[in-house]
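Take a look at the structure below.
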Amino acid sequence: MYEYLTAIGQDSHRFEEASGSEEYSKPLVMGGIEIPDIEGFEANSDGDVVLHALTNAVSGITGINILGAVADDMCLAQSITDSREYLKCALDGLGDDRIVHVSFSVECKKPVLAPYIAEIKASVASLLGIRESSIGFTATSGEGLTDFGRGLGAQVLCSITVRRKSVDI
Ligand SMILES: [Zn+2]
2 MYEYLTAIGQ DSHRFEEASG SEEYSKPLVM GGIEIPDIEG FEANSDGDVV
52 LHALTNAVSG ITGINILGAV ADDMCLAQSI TDSREYLKCA LDGLGDDRIV
102 HVSFSVECKK PVLAPYIAEI KASVASLLGI RESSIGFTAT SGEGLTDFGR
152 GLGAQVLCSI TVRRKSVDI
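Rendered as structure tokens:
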């Protein structure tokens, strides 16, 4: 017998200030892929707002918080800035629990994500070991009502569904 658990994660980042040069100092990374021709996010890490929201959702199941002290230590003490490593650290806490579905909802004016959604889904599916069809991903500019919708940064909400073997009583 199985029971099903759900958890939500959220994250947001602002874009780095434009340096005035043609070259961006840091690539924009979302869902483990680089999106070209746009400035990256302000963060000690790669600022992957999609994977950070997912990592927080996993923490919502395990009760083990990774973003914050653990990721800061990985980043500052061990120079690990690849957010896929923070996600893997969170996934380690799942034990036998299995993620069966993930849903992302992104609010940003830029980048326009539609051309990248398939690639992001493939990247996240590979990191989680689930099918791409088990991942939902929507993006909106929210009619410019927030700073995300006005192009200052991006916010991501992520919900996950996890299957756990019930303990027989
Ligand atoms: Zn973050």
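So for the sequence shown, this note's numbering puts the first residue at 2; every next one is plus one.
Here a beta-carbon is modelled for each residue, glycine too, at the ideal position from N, C-alpha and C.
One Cα belongs to Ser135, the other to Leu128, and the distance between them is close to 13 Å. Membership of Arg85 in the alpha helix (DSSP H) is indicated by the continuous run 84-93. Per the C-alpha coordinates, the member of Ser167, Phe42, Ser106, Thr147 positioned closest to Arg99 is Ser167. Bounds of the alpha helix (DSSP H) holding Ile118 are 118-129.
Short note on Gly41: C-beta not closer than 7 Å to any heavy atom of ligand 1.
In the three-state reduction of the DSSP assignment, Cys109 falls in the coil class.
Apart from sequence neighbours up to five positions away, the residues of its chain that approach Val71 with a beta-carbon distance below 7 Å are Cys90, ordered along the chain.
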